[in-house]
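Here the sequence shown stands for residues 150 to 272, where the numbers follow the working numbering.
Ideal Cβ placement from N, Cα and C applies to all residues, glycine included.
Values in this document were obtained by computation on a predicted structure and should not be read as measured data.
These notes concern the structure reproduced below.
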Amino acid sequence: PLKQSKGKKKVRVVYLPGEAWEIVRRLVKEHPTGPLLRTIDGTAWTNSAVNCLMCRLRNRTGLKYALYDFRHGYATRMLQTGVDPVTVGVLMGHANPAMVASVYQHLAQSPKFMLEQATRATG
């Protein structure tokens, strides 16, 4: 589905794999107009509401994650499984693929990852 980009400069395509696409299809059927993601009372999620939810989850589970960590983990997993940085940048919605190199350079600090990439590159 098309989505207005963060900077509202252009519309971009958001690619959703299998299960995520099915969830979105179900949500669109439930709410054909208005916000797609809604709270239990049917209102749109606000930044504050999401932060409160994450805080409650941290308190219940003891895990110290922020919502951004899931996004960061998704990009890291793509890079670790061999998805090229340009594709990762597009899927993450970065205007400049160089952003991937600057944010995820921590992978270059992993000798195991670097050896795997060198082996993969040489066949």
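For residue i, collect the residues of the same chain with a Cβ closer than 7 Å to its Cβ; drop the 5 residues on either side in sequence, then sort them by chain order.
{"i": "Y253", "result": "A224, T225 and L228"}
{"i": "Q266", "result": "none"}
{"i": "R220", "result": "none"}
If we call anything under 7 Å between Cβ atoms a contact, is residue i one with residue j?
{"i": "V249", "j": "G231", "result": "no"}
{"i": "L176", "j": "L185", "result": "yes"}
In terms of residue numbering, what span does the beta strand (DSSP E) encompassing residue i cover?
{"i": "V237", "result": "No beta strand (DSSP E) contains V237, which is instead part of the alpha helix (DSSP H) from P234 to M241."}
{"i": "R161", "result": "V160 to V162"}
By Cβ distance below 8 Å, which residues in the same chain neighbour residue i in space, the five residues on each side in sequence not counted?
{"i": "A193", "result": "G183, P184, L186 and R187"}
{"i": "N245", "result": "G238"}
At which residues does the alpha helix (DSSP H) containing residue i begin and terminate?
{"i": "H221", "result": "L216 to Q229"}
{"i": "S251", "result": "A247 to V252"}
{"i": "R198", "result": "Residue identity check: residue 198 is Ala in the sequence provided, not Arg. Start and end: N196 to T210."}
{"i": "A257", "result": "Careful: A257 lies outside any alpha helix (DSSP H) and carries neither H nor E."}
{"i": "K178", "result": "G167 to E179"}
Leaving aside the five residues before and after residue i along the sequence, list all residues of the same chain whose C-beta is less than 6 Å from its C-beta, in chain order.
{"i": "P150", "result": "With a pLDDT of 48 at P150, under the threshold of 50, the predicted position of this residue should be treated as unreliable, though the coordinate-derived value follows. Closer than 6 Å at Cβ, skipping near neighbours: no residue."}
{"i": "M263", "result": "none"}
Just confirm the distance between the C-beta atoms of residue i and residue j, as a whole number of angstroms; I'd bet it's less than 8 Å.
{"i": "M203", "j": "L212", "result": "About 10 Å; that fails the 8 Å criterion."}
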